[in-house]
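K.L.:
Residue numbers (UniProt numbering): 1 to 459.
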Amino acid sequence: MQARSSSQTRYRLNNWTAGVVATTVFVAPLALGGNRPAIWALSAALLFAWAAVYFARLGFADVSLRATTGRYRTISGLFWLHAAFIVLQLLPIADLLPRSWLTLPGDVDPGRSISITPGDTALALLRWLSYGLLFYLCLQVGANRPRSSLFLKVLFGIVVAHAVYGLLLYFEFEDTILFTEKWAYQGFVTGGFVNRNSYATFLAIGATIGSAVIGTIIGGATRWLDLFEGRRGQFIFILVGLLLIAAALVLTASRMGFFSAICGAVSAFAISVLRLNRRVNMAAIATSILLGLLIFSALLFLYGNILVERLGSVESAANVRADLYRQVLTMIADRPLLGFGGSSFEYAYPLYHMAPVSFDAVWEKTHNSYLALWVSYGVVFGTIPLAILTLCFVGLLRLVRLEGRDDAAVVAAIGTLIVGALHSTVDFSLEIQGVALLFVAVVANGLGGLARQSSSGRN
């Protein structure tokens, strides 16, 4: 009796956790993509407040966690190692280190800490800890298969809602942001985000989730009627949501957003279909793909003229980025071990900025999240987040092989990692909190399936 009561307590708490996370993921992008210190603080406060309630309630009821850190020991260890290094960057220890480790051009004084902007690095630490907590909470959510499946659809619904919001602002409110005049990216759909590329990545993750769900439904069907019966009756709603996301995505005119969405969505759809019922009607799959291509082509024809035009300027844009990247690599070479401090690029780069990189724009980001990590934390510690994501990817691939039933959450997480990996090569979308929260929630929800390998129960 006591065991059942404990299980029910944990089950209810994890259901509430899913609601808290979904609320955070939904609200953050509405405030300029969540790319403001006030939003970082508020989202962290909400997550940590709920975590205090969550763990206190479990402790008082003497209930164990479903997904323990022991099952994710390497990921957990790397996470805390990176957090410890960020703290080290904040400490006043510069005088204790070799001067050559803290190089700055023109003999500029490096200050008292490794980070040249300790305040911004402290905010980077806050974001890192909040992402870690979100990841851990979503592991608990994903440890229960029915809840994981429902949570994934809720996340998809959030992206659809933001797609509709972006389309409304563009068509019905004269291309505004927060219902006021834009100061950047006029003529493009940006939703609650300032930057169209960040919004495009957000939409690309949604497209990947929808494709994973659609693929799972089709993969488990042996006849067309199955798509519209029982729980598979959701097929039409997911399809409509995908079309809304596609419309908004095309109107962002984001080239890499478009490409990463295609790669993530196709990967998710293909994995979902191929890993399920081998008796699946291949004609149904071929027809579905053809229908999707026709609809997407129609959207491009109606609304994609700007995107098509921008595809023709890929070469010139690549040349501009190449010049920037060469200067960023110089920065990394100057501080390969310690970096300049979390979120310090905006202040360090002016010391390296020179022609041919344009002086007409303020370069606040590296436009490559891999380079951004190495600039901020050095090559060794800056690689830790990449190692964590690699371990997540390996764990998800293991789940794809081991899971005997359909699990769209696992497939969606794999597709989402593909989207993030691709878009991060030329932009900074995962450095924007509105995107990062969704990214972490989807990946952790899928990885929660590891906790189901040796446990069972309705919790």
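Even glycine gets a Cβ: it sits at the ideal position worked out from N, Cα and C.
Quick check on the DSSP output: the alpha helix (DSSP H) that includes W50 runs from which residue to which?
P.N.:
Note, W50: alpha helix (DSSP H), P37 to F60.
K.L.:
Starting from E431 and walking both ways along the alpha helix (DSSP H), at which residues does that stretch end?
P.N.:
Element bounds for E431: n/a, residue is neither H nor E.
K.L.:
With DSSP as the reference, label T23 as helix, strand or coil.
P.N.:
Looking at T23 - three-state DSSP - the assignment turns out to be helix.
K.L.:
What's the call for R12, buried or exposed, on a 16-neighbour Cβ count within 10 Å?
P.N.:
Burial call: exposed.
K.L.:
Of all the options S272, Q433 and F135, which has the alpha carbon lying nearest to the alpha carbon of T68?
P.N.:
Among S272, Q433 and F135, the Cα nearest to that of T68 is on F135.
K.L.:
Since I believe H423 is in contact with S260 (beta carbons under 8 Å), could you give me their beta-carbon distance rounded to a whole number of angstroms?
P.N.:
Rounded, the Cβ-Cβ distance is 4 Å, consistent with contact.
K.L.:
Per DSSP, what kind of secondary structure is residue 487 in: helix, strand or coil?
P.N.:
Summary: the structure shown does not reach residue 487, with the chain confined to residues 1 through 459, and so no result is reported for it.
K.L.:
Do I432 and H82 have their C-beta atoms within less than 7 Å of each other?
P.N.:
No, the pair does not count as a contact, with Cβ atoms beyond the cut-off.
K.L.:
Taking Cβ to Cβ, would you say S343 is nearer than 7 Å to D175?
P.N.:
No; because the gap between Cβ atoms is not below 7 Å, this pair is not in contact.
K.L.:
According to the neighbour-count rule (16 or more other Cβ atoms, all chains shown, within 10 Å of its Cβ), is D107 buried or exposed?
P.N.:
Classification of D107: exposed, given that the 10 Å Cβ count is below 16.
K.L.:
Check each candidate in G449, L430, A412 and V426 and name the one with the smallest Cα separation from F156.
P.N.:
Ranking the options by Cα distance to F156, first place goes to A412.
K.L.:
Comparing C-alpha positions only, which one of V21, L437 and A84 sits nearest to L125?
P.N.:
The candidate whose alpha carbon is nearest that of L125 is A84.
K.L.:
By Cβ distance below 6 Å, which residues in the same chain neighbour L399 in space, the five residues on each side in sequence not counted?
P.N.:
Excluding residues within five positions, the ones whose Cβ falls inside 6 Å are V410 and G449.
K.L.:
Alpha carbon to alpha carbon, how far is S76 from Y352?
P.N.:
One C-alpha to the other measures close to 36 Å.
K.L.:
Any chance you could list the alpha helix (DSSP H) runs of at least 4 consecutive residues sitting entirely within the stretch 79–156, in chain order?
P.N.:
The stretch 79–156 contains these whole alpha helix (DSSP H) runs: 118–142.
K.L.:
Counting beta carbon pairs with one atom in the stretch 142–160 and one in the stretch 34–51, are three or more of them shorter than 8 Å?
P.N.:
The answer is no - the stretch 142–160 does not touch the stretch 34–51, with fewer than three Cβ pairs under 8 Å.
K.L.:
When you compare the stretch 130–147 with the stretch 426–444, are there three or more beta-carbon pairs, one atom per stretch, that lie closer than 8 Å?
P.N.:
Yes, since at least three Cβ pairs between the stretch 130–147 and the stretch 426–444 fall closer than 8 Å, the two stretches touch.
K.L.:
Going by beta-carbon coordinates alone, are A408 and T216 separated by less than 7 Å?
P.N.:
Yes.
K.L.:
Report back the beta-carbon spacing between T201 and G257 to the nearest angstrom; my notes put them in contact at under 8 Å.
P.N.:
That belief holds up - the Cβ atoms of T201 and G257 are roughly 6 Å apart, short of 8 Å.
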